[in-house]
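290 is the number of the first residue of the sequence shown in the working numbering; add one for each residue after it.
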Amino acid sequence: MKDYSFFSKTFFIILFYTSFIGLFSVGGTYAIETYYPKQSYFPDGTMLSSIPISGLSEAEAKDAVRSEIENWKSSASISIVYFDEAVELDSSQIEFFIQESLEGVENGYGDLYSNVSSVTEKAIESFSYDVNNINLNSLTEEVQTYVNLLSTSPLFIDVNDYVSPNHPIEVVASSVTTNFESTFLLPRWVEQLDGVVIDARSRFSLLQTMADIGAVRTETESLNVLATALYNLFLETNFQFIERHGGRALPNYADAGYYSVVKPDQADLIVENPNYYSYTLKLALVNNELTASLEGVSLPYQFTAVTKNEKVIAPRKVVHFSSIRRKGDKQIVKNGENGYYVELYRQIRNKKSNKLIKEYLLFEDFYSPVHQVEEWSVKERLEQLRNANDLNDNDIEEQLDKDELLRKQKEDQDDIGSDEQYFEEEDELIKGY
290 MKDYSFFSKT FFIILFYTSF IGLFSVGGTY AIETYYPKQS YFPDGTMLSS IPISGLSEAE
350 AKDAVRSEIE NWKSSASISI VYFDEAVELD SSQIEFFIQE SLEGVENGYG DLYSNVSSVT
410 EKAIESFSYD VNNINLNSLT EEVQTYVNLL STSPLFIDVN DYVSPNHPIE VVASSVTTNF
470 ESTFLLPRWV EQLDGVVIDA RSRFSLLQTM ADIGAVRTET ESLNVLATAL YNLFLETNFQ
530 FIERHGGRAL PNYADAGYYS VVKPDQADLI VENPNYYSYT LKLALVNNEL TASLEGVSLP
590 YQFTAVTKNE KVIAPRKVVH FSSIRRKGDK QIVKNGENGY YVELYRQIRN KKSNKLIKEY
650 LLFEDFYSPV HQVEEWSVKE RLEQLRNAND LNDNDIEEQL DKDELLRKQK EDQDDIGSDE
710 QYFEEEDELI KGY
């Protein structure tokens, strides 16, 4: 009988070493995978929002996304606008969730997650206006979409889209001017200027606009009537006055503080539309009544102009001497009229409660009095000079010539006020006229 013990021992030895090698191989692999996990890489074409992360490990993708976010924060421009104000969101305070975003990547794409609620609410609270009944969730969603895409183009969001979505167009201000004598040019100007659009964040110059539409520009009282109507219209808005001239004497169609003079190449009426919306100018002339109105998005407050600190300036007596009058013959040839000093303020009030929110000075107007003119005999003046001074006949003749020259100079004075006026607009000192 054969002895198989040798073969048995050999078989068990081989089995032991084979098992040992197998177990060592499996256990080693498990240990390596446990303590040194296998790196997983995002497949080709994978995008996290607008950031390519294909071929990157999760750690590398985190670094790439974090770098893109920091670059975006330094260049992002997100502004929320409401009428004449714009508030920029602080992009540095926006919180991003990179880990959660990467975990959500499926089939080669994933959204970038962030939280913009706090910075959006803070921006809304920064407006000086009371923003009521706003759909904050919808506005936040628009900001969220922009942020999650890491868009680099500037974003302007109109709050009015989330307060009154249809932007209803209405008459926001109007003025009526009467008691003037119309020329044949005024109806033509009214027709040409009717429908002119004052663009958002732009300036309106009466003379420049007339030139742009081919209107005749000539010095006439009708041009002052037109300027006065527009001036009174703009007083009822938040438009800022860049240039305005007040005359030295008040016409019948304007009250103190509410008169504007325009002369080609000398004096203009210029305002600036500070709002992020355009407004349309409407004009109508019916039965010598000039109506001006402005149509557009309703203003958030009620704007009105009021006069204060009015002072009446009594006229003086001016004497002209005539050689054809006898001594003692005196006659009033022009009656005197009072002059005025007045301060004009703009008031901002709540539309519902009429509560005064703010008030600031726009203009200080001075209207020269019309002095009473009397005509006396030149003999009266000769007697005054002889009694007051030790003058010979040549000196007296020279003084009479000076009197006459001074009188003519006063008559030839231009009717535009030369005194500089200053007014405060939104805490900024602006030079006006």
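Built from N, CA and C at the ideal position, the CB exists for glycine as well.
Computed from a prediction, not measured in an experiment: that's the story for all the values here.
| query | result |
| --- | --- |
| Identified DSSP bridge partners for Leu558 | Answer is none; Leu558 lacks a bridge partner. |
| Reduced DSSP category for Asn598 - H, G, I as helix; E, B as strand; rest coil | strand |
| Proximity below 8 Å, CB of Ser511 to CB of Ser471 | yes |
| Euclidean distance between Cα positions of Pro443 and Leu401 | 19 Å |
| Segment contact, 8 Å Cβ cut-off, at least three pairs: the segment 550 to 560 with the segment 495 to 504 | yes |
| Status (buried if at least 16 other CB within 10 Å, exposed otherwise) for Glu384 | exposed |
| Close-in-space but distant-in-sequence residues of the same chain around Ala538 (CB under 7 Å, 5 per side omitted) | Tyr656, Ser657, Val659, Asp704 |
| Cβ neighbour criterion (16 or more within 10 Å) applied to Ser339 | exposed |
| Spatially closest choice to Gln661 from Leu633, Val667, Gly628, by CA coordinates | Gly628 |
| Residues of its chain near Gly585, where Cβ-Cβ distance is below 7 Å and the 5 sequence neighbours each way are ignored | Ile458, Val461, Tyr566, Ser567, Tyr568, Thr569 |
| Residues near Ser429 in its chain [Cβ-Cβ closer than 7 Å; skip 5 each side] | The question names Ser, but residue 429 is Thr in the sequence shown. Result list for Thr429: Val405, Ser406, Thr409, in chain order. |
| Opposing strand residues paired with Thr466 [DSSP bridges] | Leu579 |
| Beta-carbon separation (whole angstroms), Glu663 vs Lys619, contact threshold 8 Å | 6 Å |
| Per-residue DSSP class, three states only, for Ala538 | coil |
| C-alpha gap between Ala375 and Asp447, whole angstroms | 9 Å |
| DSSP three-state assignment for Glu589, whether helix, strand or coil | Reading the sequence as shown, one finds Pro at residue 589 and not Glu. If DSSP states are grouped into helix, strand and coil, Pro589 belongs with coil. |
| Own chain residues within Cβ distance below 8 Å of Glu431, not counting five before or after | Ile446 |
| Contact under 8 Å by Cβ, Gln529 with Pro563 | yes |
| Spatially closest choice to Ser368 from Asn521, Thr441, Lys571, by CA coordinates | Thr441 |
| Given 8 Å, three or more beta-carbon pairs between the segment 329 to 339 and the segment 385 to 396 | yes |
| Where the alpha helix (DSSP H) containing Leu512 begins and where it ends | 510 to 523 |
| Alpha-carbon to alpha-carbon, Ser364 and Glu414 | 23 Å |
| Boundaries (first-last residue) of the alpha helix (DSSP H) holding Val420 | Premise fails: Val420 is in no alpha helix (DSSP H) and is neither H nor E. |
| Given 8 Å, three or more beta-carbon pairs between the segment 545 to 554 and the segment 500 to 509 | yes |
| Meets three-Cβ-pair contact criterion under 8 Å: the segment 572 to 581 and the segment 513 to 532 | yes |
| Beta-carbon proximity of Phe473 to Asn577, cut-off 8 Å | no |
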